[in-house]
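J.: Numbering (UniProt numbering), first residue to last: 1 to 192.
By construction, the Cβ of each residue, glycine as well, lies at the ideal position given by its N, Cα and C atoms.
One structure, pasted below without further comment.
In structure tokens:
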């Protein structure tokens, strides 16, 4: 279980860092979205600033600046699209905390409760004084052992799923790398 907890901590930190790389503005991330609202992206703001600056330029320089504004508009749209795609690439990593880890924590709590109940039933069998009490408490103890075994098997099954989860997360990171490459190539094509 320590490895699972350690992996959970690593995944949580990794997701926070990947989200910060994908969207450096914590105010945007606080809204639950990864992309800036229209006209709030730094590229959109740069475009607005250049458009406002155009009125101070000579007519022959307005054309190239207008072209740059068009490029910035396309770049901002491309950036928003890829921010959404990159976030989708790490969906399994992002959901690990609320799905697999939460399930493990709940089952671990049930396991600990079953263990405590089994230990209590065992203690009661030892404290029994008559044969009738011993028999009754032994039946209760056996029931608690069965519940404990069931909970133990559930926890073991969840722990055995960790290698598969790690494989899925590795695939997510590979997909994120591919998507990031596509994004940078798309931006390169826009700014050529």
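What does the alpha-carbon distance come out to for the pair residue 184 and residue 3?
T.: Taking the first residue of the chain shown as position 1, residue 184 is located at position 184. Taking the first residue of the chain shown as position 1, residue 3 is located at position 3. Distance between the alpha carbons of residue 184 and residue 3 is about 36 Å.
J.: Between the region 111-126 and the region 77-92, do three or more beta carbon pairs fall short of 8 Å?
T.: no
J.: In chain order, which continuous runs of the beta strand (DSSP E) of length 3 or greater are located wholly inside the region 24-109?
T.: none
J.: What are the boundary residues of the alpha helix (DSSP H) that residue 189 is part of?
T.: In the chain shown, the residue the question calls residue 189 occupies position 189. Note, residue 189: alpha helix (DSSP H), 162-191.
J.: Smallest Cα separation from residue 150: which of 113, 11, 171?
T.: The residue given as residue 150 occupies position 150 in the chain shown. The residue with the shortest Cα to Cα distance from residue 150 is 113.
J.: First and last residue of the alpha helix (DSSP H) that includes residue 13?
T.: Translated into positions along the chain shown, residue 13 becomes position 13. Segment 2-22, the alpha helix (DSSP H) holding residue 13.
J.: Between 188, 174, 75, 39, which lies nearest to residue 86 when the distance is taken from Cα to Cα?
T.: Position 86 of the chain shown, counting from 1, holds the residue named residue 86. When each option's Cα is compared against that of residue 86, the closest is 174.
J.: Do the CB positions of residue 15 and residue 90 come within less than 9 Å of each other?
T.: Here residue 15 refers to the residue found at position 15 of the chain shown. Here residue 90 refers to the residue found at position 90 of the chain shown. Yes, the pair counts as a contact, with Cβ atoms nearer than the cut-off.
J.: Does DSSP classify residue 129 as helix, strand or coil?
T.: In the chain shown, residue 129 corresponds to position 129, counting from 1. Residue 129: coil per DSSP, three-state reduction.
J.: Using a Cβ-Cβ cutoff of less than 6 Å, which residues in the same chain neighbour residue 46 once the five nearest sequence positions on both sides are dropped?
T.: To locate residue 46, count along the chain shown from 1; it is residue 46. Excluding sequence positions up to five before and after residue 46, its CB lies within less than 6 Å of the CB of 72, all in the same chain and listed in chain order.
J.: Report yes if the C-beta distance between residue 119 and residue 8 is below 9 Å; otherwise report no.
T.: Counting from 1 along the chain shown, the entry for residue 119 is found at position 119. Counting from 1 along the chain shown, the entry for residue 8 is found at position 8. No, these two residues do not count as a Cβ contact at 9 Å.
J.: Do the region 32-52 and the region 60-69 touch if we need at least three Cβ pairs shorter than 8 Å?
T.: With a cut-off of 8 Å on Cβ pairs, the region 32-52 is in contact with the region 60-69, counting three or more such pairs.
J.: Report buried or exposed for residue 11, applying the criterion of at least 16 other Cβ atoms within 10 angstroms of its Cβ.
T.: Numbered from its first residue, the chain shown carries residue 11 at position 11. Looking at its Cβ environment, which holds 16 or more other Cβ atoms inside 10 Å, residue 11 is buried.
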